[in-house]
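Structure record follows, encoded as structure tokens.
There are 2 protein chains.
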Amino acid sequence: MPQILTFLGQSRSSCAIASVAFARQLAQQGARVLWMTQDSGPLPAALWGQSLSTEAQTMGANVWALQFQAAQLLEKSWDVVKGIEAQYLRNPLLKQVFGQELVLLPGMEDALTLDAIRGLYDSQTYDYLIFDGVSGKASLRMWGLPEQMDWYIRRFQKVLAESELAQALSPFIQPIAGAVLNISGSQESINQPVQQARSFLEAGRMVVQSGQRLLSFLVTTADPADVEMARYLWGSSQQIGMTVGGAIAYHSQPDPQAFAPLPLHAFPTLGDGNWQPLMAAVPSLDVAVQNAPAPVVVNETEKQVKLFLPGFTKTDIDLTQYGPEVTITAGDQRRNLFLPGSLKNRSVQGAKFQEDYLILSF
Amino acid sequence: MPQILTFLGQSRSSCAIASVAFARQLAQQGARVLWMTQDSGPLPAALWGQSLSTEAQTMGANVWALQFQAAQLLEKSWDVVKGIEAQYLRNPLLKQVFGQELVLLPGMEDALTLDAIRGLYDSQTYDYLIFDGVSGKASLRMWGLPEQMDWYIRRFQKVLAESELAQALSPFIQPIAGAVLNISGSQESINQPVQQARSFLEAGRMVVQSGQRLLSFLVTTADPADVEMARYLWGSSQQIGMTVGGAIAYHSQPDPQAFAPLPLHAFPTLGDGNWQPLMAAVPSLDVAVQNAPAPVVVNETEKQVKLFLPGFTKTDIDLTQYGPEVTITAGDQRRNLFLPGSLKNRSVQGAKFQEDYLILSF
């Protein structure tokens with residue numbers, strides 16, 4: 031299976047430069063590499079020395095690049111949506127609306143990009159997929175989508191199933207299904223697509239939460255605000271269970287302690303399109319994955335869950351249990367812990383924050 | 031009514047610095063200013079010299095600041111959603127789900143932020159609301175939300191109303207409404223909330239598309255990629271009908287022709303927290319609004335629509351008419367032209383791109 035790499039930092043150009051250096055180095059080592067960017071502006075063409083398109087184009091031996099265009103992704107996905115509609119509805123109505131006229135709402139772009147990456151990942155055409163996003167915070171929301179969406183489904187499915195509303199609606203389900211649906215309307219036939227969606231999201235979550243499948247690097251410059259932001263994004267990324275394999279200091283030498291226990295790799299400045307010095311600084315990915323701290327460690331025997339949350343202090347972290355799951359809010363990311371059966375639906379007995387770890391006892 | 035200011039550029043810190051300089055200068059002139067940021071990282075506190083919270087806090091005479099936290103905005107909005115549900119449903123089910131456990135999906139943050147700004151705007155507590163977003167592209171999606179959302183409603187409402195699906199469902203509407211709704215289920219009572227939503231979005235669109243209500247500035251640095259990106263965001267912003275009042279060159283002197291006919295204002299580097307030289311460089315907002323090119327000029331007599339699209343070439347712009355409206359795609363922004371009655375539902379007879387203007391004849 032391919033490995034996806036992503037870069038988190040405040041400086042847009044430093045993140046893009048680091049990602050291109052990785053792409054060039056891995057391609058030089060013989061791997062097939064696809065560099066993908068969400069940046070529809072002029073930066074990607076400047077870094078590659080040629081314009082990019084929405085389809086993968088060769089940028090040299092073993093390396094391809096493409097520029098996602100949300101409007102175009104939306105057109106493609108619309109055909110898929112129409113196909114699903116036609117599967118379930120007797121009289122599809124969406125055929126009257128054309129993909130070419132659909133406009134973009136906030137969030138659509140990230141969902142469409144993630145789906146496009148999923149397609150490229152499943153195609154197994156490349157050994158590495160290198161993703162260049164436009165903002166670290168937005169990228170984390172994107173990678174968190176499978177886990178978060180699954181939470182909405184499991185939570186609301188339960189609430190709806192047990193509700194008086196569902197009881198009041200139940201006499202109408204069969205006759206309506208008979209009138210408009212291609213499927214029977216039985217509980218089973220309605221549950222099936224929901225289960226399909228959940229398996230699909232589960233597959234996405236497994237990729238995001240495995241360092242061998244998705245590995246991220248922090249990027250910083252000499253600016254102290256960039257160092258702080260990289261640390262903040264580090265902690266935030268742990269909230270979606272993402273593995274961070276190292277920190278990259280572009281054209282700078284920050285205090286390595288700021289990112290301990292991660293290795294800090296110094297990347298020299300890109301000058302006159304000479305990528306060799308940067309490529310030479312690209313670290314081994316195998317070593318990065320092996321040494322990366324795990325975002326979550328579950329110990330079922332000791333009924334303990336340890337969450338790695340670097341870059342935060344105790345006061346930045348909020349722990350609540352309003353719903354059926356334990357909710358952790360930190361770095362403007364919120365997570366409901368999806369726990370194994372033995373720890374599910376239990377109350378937290380104790381919590382402490384110690385050396386960058388939040389330790390929960392059940 | 032207050033005026034909202036927003037800043038578009040690639041360099042995150044330069045945009046934030048420019049926005050703070052505007053806030054400080056306008057406050058010094060005696061206006062009540064609220065500076066609002068979507069940046070939940072450490073940069074805002076560094077620029078203001080004190081930590082920010084989710085509630086407006088004073089930063090000096092006449093100036094307040096706050097840091098939006100998406101998770102907290104979601105909790106507040108959830109109570110509103112529950113209120114609406116209780117208005118329409120006999121047996122509300124959402125009361126079983128707590129705002130404190132809701133997680134964030136892509137797009138939610140922008141929608142919630144826009145709604146929070148709307149509340150602050152309507153409160154009329156401030157003369158200026160200065161918005162600091164984390165990415166230019168994401169900010170444009172946010173400001174475009176009212177127009178784009180309205181398009182989805184008007185397009186799909188029409189398709190649904192004329193569909194066989196609606197006919198097939200119509201016998202069920204009255205009995206279901208009787209079983210679960212607090213309202214009658216007549217066409218009128220169902221249309222009413224849709225009309226309310228559309229008026230609400232229309233009010234938002236009027237604010238976004240009036241320079242006196244929302245004014246933006248481009249921000250660039252000496253980096254040629256930043257100049258290019260500012261030009262790109264300029265063209266993209268015209269696609270949502272936003273007025274751009276000028277360009278700001280932070281710590282740099284780019285070719286003023288790059289932004290003609292906009293005035294280019296040189297902002298000196300921020301050093302040792304001394305804001306005075308930057309504040310002195312803040313231009314007059316009245317002059318900026320007066321001289322700003324209009325994004326769209328509609329001439330009903332000549333049956334002509336002129337769209338200002340700077341920073342693009344003819345090949346960057348795509349013009350189609352699949353649906354009932356004219357669709358323009360440029361800068362990864364797509365717009366369906368909402369035209370006055372006399373030009374509505376007509377085909378484009380001719381189109382040319384001349385001196386940064388796309389001129390359509392109907």
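Quick mapping for you: the protein sequence lines, in order, are chains P and H.
Under my numbering, the residue at position 113 of the first sequence is numbered 143, and the numbers go up by one with no gaps.
Under my numbering, the residue at position 241 of the second sequence is numbered 271, and the numbers go up by one with no gaps.
Glycine residues also receive a C-beta, built at the ideal position from the N, C-alpha and C atoms.
* So, does the CB of P:K167 fall closer than 8 Å to a CB anywhere in chain H? -> The residue you call residue 167 of chain P lines up with position 137 of the first sequence. Output row for P:K167: interface = yes.
* To do: Would you mind reading off the limits of the beta strand (DSSP E) that contains P:G90?
  => Walking along the first sequence from the start, residue 90 of chain P turns up at place 60. Where P:G90 is concerned, the enclosing beta strand (DSSP E) stretches over Q87 to G90.
* To do: Quick one: give me the first and last residue of the beta strand (DSSP E) that H:G276 is part of.
  => Within the second sequence, the letter at position 246 stands for residue 276 of chain H. H:G276 -> beta strand (DSSP E) spans T273 to Y280.
* Per DSSP, which one or two residues make a beta bridge with H:G113? -> Reading the second sequence from its first residue, position 83 is the one you call residue 113 of chain H. None; H:G113 has no bridge partner.
* Asked: By DSSP, does P:V378 sit in helix, in strand, or in coil?
  -> The count along the first sequence starts at 1 and reaches residue 378 of chain P at position 348. DSSP places P:V378 in coil when its eight states are reduced to three.
* Beta-carbon neighbours of H:V164, restricted to chain P and to distances below 8 Å -> Taking the second sequence and counting its residues from 1, the one referred to as residue 164 of chain H is at position 134. Chain P residues near H:V164: S165, K167 and A168.
* Asked: Taking Cβ-Cβ distances shorter than 8 Å, what residues in chain H pair up with P:M259?
  -> Counting from one through the first sequence, the residue named residue 259 of chain P turns up at place 229. Within chain H, the residues near P:M259 are G71, P72 and L73.
* Asked: From the DSSP output, which residues share a beta bridge with H:S391?
  -> The residue given as residue 391 of chain H occupies position 361 in the second sequence. In DSSP, H:S391 forms a bridge with H:Q334 and H:G380.
* Asked: Is the beta carbon of P:A311 less than 8 Å from the beta carbon of P:L245?
  -> Along the first sequence, one-based indexing puts residue 311 of chain P at 281. Along the first sequence, one-based indexing puts residue 245 of chain P at 215. Cβ distance not < 8 Å, so P:A311 and P:L245 don't count as in contact.
* Should H:E332 go down as buried or exposed, given a rule of 16 or more other Cβ atoms within 10 Å for buried? -> Locating residue 332 of chain H in the second sequence gives position 302, counting from the first residue. Looking at its Cβ environment, which holds fewer than 16 other Cβ atoms inside 10 Å, H:E332 is exposed.
* Asked: CA-CA distance, P:I358 and P:T343?
  -> Stepping through the first sequence from its first residue, residue 358 of chain P is reached at position 328. Stepping through the first sequence from its first residue, residue 343 of chain P is reached at position 313. C-alpha separation (whole angstroms): 14 Å.
* To do: Output yes or no for whether 8 Å exceeds the beta carbon distance between P:A57 and P:W78.
  => Sequence index remark: in the first sequence, residue 57 of chain P carries index 27 (1-based). Sequence index remark: in the first sequence, residue 78 of chain P carries index 48 (1-based). Taking 8 Å as the Cβ cut-off, P:A57 and P:W78 do not qualify as a contacting pair.
* To do: Determine the chain P residues that contact H:Q154 at a beta-carbon separation under 7 Å, and present them in chain order.
  => Taking the second sequence and counting its residues from 1, one reaches residue 154 of chain H at position 124. Contact annotation for H:Q154 against chain P: no contact, minimum CB-CB distance about 26 Å [criterion: below 7 Å].
* Compare the C-beta of P:Q130 with all C-beta atoms of chain H and state if any pair is closer than 8 Å. => The residue labelled residue 130 of chain P in the question sits at position 100 within the first sequence. P:Q130 counts as touching chain H.
* Whole-number beta carbon distance between P:Q33 and P:Y158, since they are thought to touch under 8 Å -> Position 128 of the first sequence, counted from the start, is the residue given in the question as residue 158 of chain P. Position 3 of the first sequence, counted from the start, is the residue given in the question as residue 33 of chain P. With a Cβ gap of about 6 Å, P:Y158 and P:Q33 count as contacting.
* Asked: From P:L64, P:P223 and P:P122, pick the residue whose C-alpha is nearest to that of P:Q153; which is it?
  -> One-based indexing of the first sequence puts residue 153 of chain P at position 123. It is Ser, not Gln, that sits at residue 153 of chain P in the sequence shown. Minimum Cα distance to P:S153 is reached at P:L64.
* Asked: Are the C-beta atoms of P:G234 and some chain H residue less than 8 Å apart?
  -> Numbered from its first residue, the first sequence carries residue 234 of chain P at position 204. It does not; no Cβ of chain H falls within 8 Å.
* Residue-chain proximity (P:G76, chain H), Cβ-Cβ < 8 Å -> By 1-based counting over the first sequence, the position of residue 76 of chain P is 46. For the sequence presented, residue 76 of chain P should be read as Ala rather than Gly. Contact with chain H is found for P:A76, since one of that chain's Cβ atoms lies less than 8 Å from the residue's Cβ.
* **Beta-bridge pairing of P:T359 - partner residues as DSSP gives them** => Taking the first sequence and counting its residues from 1, one reaches residue 359 of chain P at position 329. Under DSSP, P:T359 takes part in a beta bridge, and its partners are P:D348 and P:R364.
* Stretch pair the segment 338-355 of chain H + the segment 262-279 of chain H: three plus CB contacts closer than 8 Å -> yes
* Tell me whether H:L244 sits in a helix, a strand or coil according to DSSP, three-state version. => Reading the second sequence from its first residue, position 214 is the one you call residue 244 of chain H. Three-state DSSP puts H:L244 in a strand.
* Taking 8 Å as the cut-off, decide whether the C-beta atoms of P:D253 and H:S43 are in contact. => The count along the first sequence starts at 1 and reaches residue 253 of chain P at position 223. The count along the second sequence starts at 1 and reaches residue 43 of chain H at position 13. Yes. Within cutoff.
* Asked: Leaving out five residues before and five after H:Q125 in sequence, what residues of the same chain have Cβ atoms less than 7 Å from its Cβ?
  -> One-based indexing of the second sequence puts residue 125 of chain H at position 95. Correcting the residue identity first, residue 125 of chain H is Lys in this sequence and not Gln. The answer, listed in chain order, is K112.
* Using the C-alpha atoms, what's the distance from H:R235 back to H:L292? -> Walking along the second sequence from the start, residue 292 of chain H turns up at place 262. Walking along the second sequence from the start, residue 235 of chain H turns up at place 205. Approximately 24 Å, taken between the alpha carbons.
* Establish whether the CB of P:V110 and some CB of chain H are separated by less than 8 Å. => What you label residue 110 of chain P is simply residue 80 of the first sequence in a count that begins at 1. For P:V110, the answer is no, since every Cβ of chain H falls outside 8 Å of its Cβ.
* Round the Cβ separation of P:N212 and H:S193 to the nearest angstrom and send it over; I've been treating them as touching at under 8 Å. => Here residue 212 of chain P refers to the residue found at position 182 when the first sequence is read from its first residue. Here residue 193 of chain H refers to the residue found at position 163 when the second sequence is read from its first residue. At roughly 16 Å, the Cβ-Cβ gap does not stay under 8 Å, so P:N212 and H:S193 are not in contact.
* For P:Q320, which option in P:V257, P:R243, P:P370 and P:S70 has the closest C-alpha, if you only look at C-alpha atoms? -> To locate residue 320 of chain P, count along the first sequence from 1; it is residue 290. Considering only alpha carbons, the answer is P:R243.
* Sheet register partners of H:G301 (DSSP bridge) -> If you number the second sequence from 1, residue 301 of chain H lands on position 271. BP columns for H:G301 point to H:N304.
* Kindly indicate which residue of H:E105, H:V133, H:L199 and H:M31 has the alpha-carbon position closest to the one of P:R365. => Working through the first sequence from its first residue, we reach residue 365 of chain P at position 335. Nearest of H:E105, H:V133, H:L199 and H:M31 to P:R365, Cα basis: H:V133.
* Can you find a C-beta in chain P that's less than 8 Å from the C-beta of H:A101? -> Here the question's residue 101 of chain H lines up with position 71 in the second sequence. Cβ-Cβ to chain P under 8 Å: yes for H:A101.
* P:V190 burial status per 10 Å Cβ neighbour count (16 or more: buried) -> By 1-based counting over the first sequence, the position of residue 190 of chain P is 160. Reading off the sequence shown, one finds Leu at residue 190 of chain P, where the question assumed Val. By the neighbour-count rule (16 or more Cβ atoms within 10 Å), P:L190 is not buried but exposed.
* With C-beta atoms as the reference, is P:L231 less than 8 Å away from P:M272? -> Here residue 231 of chain P corresponds to residue number 201 of the first sequence, with the count starting at 1. Here residue 272 of chain P corresponds to residue number 242 of the first sequence, with the count starting at 1. Not closer than 8 Å, so no.
* Asked: Do the CB positions of P:Q283 and P:A296 come within less than 8 Å of each other?
  -> Translated into positions along the first sequence, residue 283 of chain P becomes position 253. Translated into positions along the first sequence, residue 296 of chain P becomes position 266. Going by C-beta atoms, P:Q283 is nearer than 8 Å to P:A296.
* To do: Please say whether P:A233 and P:R248 have beta carbons closer to each other than 8 Å?
  => For the purposes of this step, residue 248 of chain P is taken as the residue at position 218 of the first sequence. For the purposes of this step, residue 233 of chain P is taken as the residue at position 203 of the first sequence. Correcting the residue type first, residue 248 of chain P is Leu in the shown sequence and not Arg. Cβ distance not < 8 Å, so P:L248 and P:A233 don't count as in contact.
* Asked: Hey, would you say H:I183 sits closer than 8 Å to H:A227, going by beta carbons?
  -> Here residue 183 of chain H refers to the residue found at position 153 of the second sequence. Here residue 227 of chain H refers to the residue found at position 197 of the second sequence. Yes, the pair counts as a contact, with Cβ atoms nearer than the cut-off.
* List the whole-angstrom C-beta distance separating P:L195 from H:V210, where the pair is believed to meet the contact cut-off of C-beta under 8 Å. => The residue you call residue 195 of chain P lines up with position 165 of the first sequence. The residue you call residue 210 of chain H lines up with position 180 of the second sequence. So it is a contact: roughly 6 Å between Cβ atoms.
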